[in-house]
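Encoded as structure tokens, the structure appears first; notes follow it.
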Amino acid sequence: MVSVHLTLTRKGAAVKHFDLSSKTRSSYYWIKFAAASLLAAALAGCGGGGGGGDTTAAAPAAPGAPAAPATTSITAAAALAANDTATAPTAAFAVVQNAGVTPVTVNSPPTVNFTVISDGAVVKGLTTSNVSFIIAKLVPGTNGNPDQWQSYIWRTETATAGVGPGGTPALASAKQPTTDTKTATQLVYNDAGYYTYTFSTDIKDPTKTNGVVYEPTATHRVAIQLSYTNAAGETVRVNPYFDFTVDASGKAVAVTDSSKTRKVVDVSTCNQCHETLALHGGGRVDTQYCVLCHNSGNTDANSGNVLDLRTMAHKIHAGKFLKEKTGEDYTIWGFSNAKHDYAEVGFPANLRNCAKCHDSTTKNAAGNPLNPQGDKWKTTPSKEACLSCHASAAGSTWNTIHVTSLKLGASASAISNASCADCHGAGKTWNAEQVHWIQELENTKLYQHNIESVTLTTKPTATTAGLLTVKYSLINPATGAAYNLREGCAADAAQKDNAGTLIGVKCNTNYRWWTTTPPGKPQDKFGTISLTVGVNDLFTQSTNGDTVSTASSSAAYLGADDGARHYTLTVTVPKGSKGNARIVALGSVAERRLDPVSRAPIGAVPPVGFSDIANVPVKNAIYEFNLDTGAKATTARRQIVSNDKCNACHAFVGIPIKPEPGSDVFHSGVRNNSESCEVCHNWARAGSYTGMADGSTFNESWNFKRMVHAIHGGVKRTYPYTHGNDYVGAFGKNGLLLADGVTKLQTVNGGAAEVINYSAEVAYPQGPNNCNACHVNDSWKQNGAVLGSALVSNSLSKNSAGTAYTNPGLDRFLASGACVGQTGTKAGLNLACASTDWTKIPVVSPKAAVCTSCHDSGGVQTHVVNMGGATFGTFTQGDLFAGKVFEACTGCHEARVGALKPVNTVHGLK
């Protein structure tokens with residue numbers, strides 16, 4: 064992966080930087096952006112976000128006499144696209160160095176020489192408003208401490224009275240690294256094509272550096288917060304940096320040995336979730352810049368919290384976990400005393416997955432590791448990093464072990480990092496890599512679904528069902544050996560397989576226990592072969608890629624075993640089915656819980672709860688074929704999103720998010736790619752016990768395209784998107800009824816505790832307008848869907864007491880006429896339907912279904928209906944196919960030149 068540290072301001076759209084210092088946002092919007100931004104955009108460090116903030120390029124300076132040969136060299140280098148500063152920030156130094164100009168000289172205050180190249184030429188006319196500089200040295204680790212950067216330039220933050228925890232500052236003042244103080248005369252343009260900046264701080268004078276001693280032989284780093292305007296009128300923000308030592312003459316010598324510097328996280332890893340990490344007003348876009356301020360000694364005076372990146376970044380990402388487990392509100396007061404409370408931040412992967420950020424395997428275009436020190440978390444543990452997640456206060460498990468029992472020190476602060484390495488260092492029993500081992504993630508490599516063949520044995524007709532024979536296996540991909548899908552199942556003398564052959568065992572799932580003792584009564588999991596086909600002739604009109612309906616499924620262990628652990632199932636195809644169908648093999652393997660260090664089984668047998676088992680997700684397998692010919696489909700459904708893009712944030716969809724072993728995950732890890740999710744989450748899937756929280760009596764749509772947008776787009780929503788709420792009323796995103804501010808989202812089954820409020824739980828870690836974050840091939844611009852999304856459920860389920868129906872849209876379902884052969888009454892609690900006529904189910908039309916999943920206000924609903932011709936529950940799926948609904952949204956919003964408000968422009972996308 065090539066590391067590109069670039070921020071572009073999209074024309075016609077708000078700048079996508081996390082500018083948290085704005086006072087114009089609502090408080091809720093403020094909180095959500097704070098949660099999404101990774102680091103405070105205006106933390107009380109680095110000069111409070113100053114410098115490089117004026118992004119308007121000054122008028123070009125008058126050219127002077129050429130200074131050959133530097134002029135020739137730099138001009139030639141500028142013509143090469145590979146040296147464009149926007150995509151190759153470090154070329155700002157490399158080009159001048161190759162031209163014979165020393166990038167940095169330290170004789171009293173340092174001087175820095177750099178160039179800025181854009182569109183094939185040197186950018187002239189920059190002033191100190193376009194740049195800010197910082198310089199630090201790398202202090203080698205001793206006594207168990209890791210290497211760490213130490214800034215030469217500091218300032219004192221004086222806490223504001225009344226600002227702090229409980230209204231009282233934790234400290235009267237605190238020291239903080241910052242950027243160099245600058246005046247207009249410090250930056251000079253040289254006619255040879257480069258700039259010279261002279262620091263105002265003399266880093267050789269310890270009275271000017273907060274006591275930090277200048278060491279010329281140590282590795283140093285100088286970095287620039289740089290902004291300029293390119294030929295397209297876009298503002299470019301980059302952070303060029305240069306690592307060097309200083310020779311006897313004061314000239315910089317570039318550090319080329321990666322072991323002599325420190326790089327544990329590359330910003331490209333951050334940008335997998337954050338798109339463009341842009342902090343302090345948008346000018347700081349590279350973690351290699353961040354560490355030059357956020358290093359040892361940096362403290363927020365108001366909260367007293369440490370701003371060392373080792374501690375701060377971990378605590379921000381663990382914010383919600385810390386709040387739930389220890390009650391800690393990790394809070395920082397930043398620029399203009401803006402409060403940033405990170406207790407709402409939930410990491411979208413497992414917190415034990417250190418490698419998610421500290422990736423040591425990804426390489427740049429030159430084949431060099433992006434993070435040469437990315438594995439330091441395995442070899443050099445430190446309390447600054449580890450105790451950011453592991454609670455260490457008196458009474459905690461950590462404190463009891465390390466302070467009370469081992470007596471390593473009187474408190475956590477008194478314990479040396481050297482003590483950590485004794486137990487947790489490289490090769491030690493409790494090495495961090497061992498302790499943080501995630502069974503559900505690591506053991507996925509042991510399993511692979513295979514759909515070996517699909518045979519259409521009986522073709523479905525308009526009046527008769529068809530039959531499919533599916534051959535499949537679950538194998539170890541490393542060896543090819545097939546697993547016994549009946550291993551560990553309970554004896555059942557009467558149980559037969561799908562072909563009618565007695566097998567003598569009954570399973571709830573594909574259980575594979577690492578022991579010969581079978582579980583007594585395992586929890587219900589999924590190990591099924593699922594089939595997606597059309598319900599009847601009407602829905603074969605779905606020719607543009609809509610998933611239609613889940614038809615039938617069967618537990619995988621019920622397949623007939625050929626003796627080599629390859630199984631065959633016969634699956635019924637509903638009558639009237641035509642076109643292409645999709646077979647999905649899905650399931651998770653419930654392993655006995657293993658100790659992360661010894662890998663010995665520790666889960667109870669039979670399992671008592673989730674702490675005894677690990678639901679290891681098996682990547683779902685897909686097989687598409689034609690129901691008319693029986694042949695494997697030659698044209699697959701168009702790809703809309705990328706599973707790799709989901710996993711860029713989630714590491715592996717289907718593993719637990721919470722760090723504690725045994726934490727559950729949705730569908731027990733069974734569904735783990737978009738192709739299988741949409742098998743069930745199709746147009747007909749509406750929340751059987753979940754209603755919209757906008758005051759209507761519609762069921763919430765769980766159609767995949769609507770559900771995923773609503774879950775991730777909470778920051779744009781007016782009303783919360785929930786799972787479980789059946790209380791009819793308009794709610795705020797805080798989960799309280801707007802009418803009284805007291806009544807909570809709730810379900811008749813379990814009360815408020817059973818409701819998931821995604822708008823409060825999920826803070827998307829980048830701007831919600833970036834469709835490309837998930838979509839591929841510009842699929843978000845395409846107009847392919849023809850099916851509406853059901854807004855009414857046919858569920859007749861009752862609460863646990865049997866005293867009420869849980870379907871908040873039940874009256875709409877009955878009134879629609881979709882309940883065919885209805886008997887009984889709602890009042891009598893004895894309703895029954897012979898079948899469901901899906902053509903009569905009220906829907907939201909296809910385009911509106913997506914757009915209103917984020918833009919859900921009443922005003923937008925009125926707009927899409929009155930201006931766009933959409934329907935929101937007033938027409939049915941049958942009406943759509945009868946041509947009674949025509950969505951005219953593309954007239955204004957299609958992504959094309961000439962459209963009034965094309966979606967790409969509105970979303971700030973090109």
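Residue numbers (the numbering used here): 64 to 973. Glycine is no exception: its CB is placed at the ideal position from the N, C-alpha and C atoms. None of these values were measured; they are calculated from a predicted model.
Under 8 Å by Cβ, that's how I've got Thr-221 and Ser-236 pegged, so tell me the actual separation to the nearest angstrom. 5 Å
Per-residue DSSP class, three states only, for Lys-522: coil
For Ala-619, which option in Gly-642, Val-668, Tyr-546, Asp-254 has the closest C-alpha, if you only look at C-alpha atoms? Tyr-546
In terms of residue numbering, what span does the alpha helix (DSSP H) encompassing Leu-801 cover? From DSSP, Leu-801 is part of no alpha helix (DSSP H); its letter is neither H nor E.
By Cβ distance, which residues of its chain are closer than 6 Å to Asn-400, with the 5 residues on each side in sequence left out? Thr-223, Val-226
Which runs of the alpha helix (DSSP H) fall wholly inside the segment 732-794 and span at least 4 residues, in chain order? 737-743, 767-775
Are there 16 or more other CB atoms within 10 angstroms of the CB of His-464, so buried, or fewer, so exposed? For clarity, residue 464 is Ile in the given sequence; the question names His instead. Exposed, since its Cβ has fewer than 16 Cβ neighbours within 10 Å.
Contact defined as beta carbons within less than 8 Å: I believe Tyr-258 pairs with Ile-137. What is the distance between those atoms, to the nearest angstrom? In fact, because the Cβ distance is near 11 Å, the residues do not count as touching under 8 Å.
Take Ala-951 as the anchor and find which of Cys-743, Pro-965, Met-930 has the nearest alpha-carbon. Met-930
Report the start-end ranges of each alpha helix (DSSP H) in the segment 634-672 that is 4 residues or longer and not cut off at the edges. none
Taking the C-alpha atoms as reference points, what is the distance between Asp-919 and Met-755? 10 Å
Check the C-beta distance from Asp-306 over to Thr-282 and give it rounded, since I have them as a contact under 8 Å. 6 Å
Looking at the secondary structure, which residues open and close the beta strand (DSSP E) in which Thr-937 lies? 935-939
Measure the C-alpha to C-alpha separation of Lys-910 and Val-927 and round it to an integer number of angstroms. 9 Å
With C-beta atoms as the reference, is Thr-751 less than 8 Å away from Ser-858? Checking the displayed sequence, the identity of residue 751 turns out to be Ser instead of Thr. Yes, they are a contact pair.
Pairwise C-alpha distance: Asn-208 and Thr-219: 26 Å
If you count every other CB in all the chains shown that lies within 10 Å of the CB of Phe-949, and 16 or more means buried, which is it? exposed
Rounding to the nearest angstrom, what Cα-Cα distance links Val-647 and Lys-708 in this structure? 21 Å
Between which two residues does the beta strand (DSSP E) containing Pro-680 stretch? 676-689
3 or more residues per run - each beta strand (DSSP E) lying fully within the segment 436-501: none
Report buried or exposed for Glu-738, applying the criterion of at least 16 other Cβ atoms within 10 angstroms of its Cβ. buried
DSSP three-state call for Cys-917: helix, strand or coil? helix
Thinking Val-309 and Asn-434 are a contact (beta carbons under 8 Å), I'd like their distance in whole angstroms, please. Not quite, the Cβ-Cβ distance comes to about 26 Å (not below 8 Å), so this is no contact.
Excluding the five sequence neighbours on either side, which residues of its own chain have a C-beta within less than 6 Å of the C-beta of Gly-943, listed in chain order? The residue you asked about is not Gly; residue 943 is Leu in the sequence shown. Within the same chain, Leu-943 has close Cβ partners Gly-851.
Tell me whether Lys-378 is buried or exposed, calling it buried when 16 or more other Cβ atoms sit within 10 Å of its Cβ. buried
Under three-state DSSP, which class holds Ala-286? strand
Does the Cβ of Asn-539 have 16 or more other Cβ atoms within 10 Å, making it buried, or fewer, making it exposed? exposed
Contact between the segment 448-459 and the segment 171-191: three or more CB pairs below 8 Å? no
Own chain partners of Ala-154 with C-beta closer than 6 Å, once the 5 adjacent residues on each side are dropped: Asn-146
Going by CA-CA distance only, name the one from Gly-430, Phe-688, Ile-665, Tyr-868 that's closest to Lys-641. Phe-688
Can you check whether the CB of Ile-197 is closer than 8 Å to the CB of Thr-242? yes
With 16 as the cutoff for other CB atoms within 10 Å, does Gly-1052 come out buried or exposed? Residue 1052 is absent from the structure shown; the chain starts at 64 and stops at 973.
Bounding residues of the beta strand (DSSP E) (the contiguous stretch that carries Asp-306): 304-309
Between the segment 381-391 and the segment 469-482, can you find at least three pairs of beta-carbon atoms closer than 8 Å? no
Ala-484 beta carbon less than 8 Å from that of Pro-43: Not covered by the structure: residue 43. The range shown for the chain is 64 to 973.
With DSSP collapsed to three states, give me the class of His-403. strand
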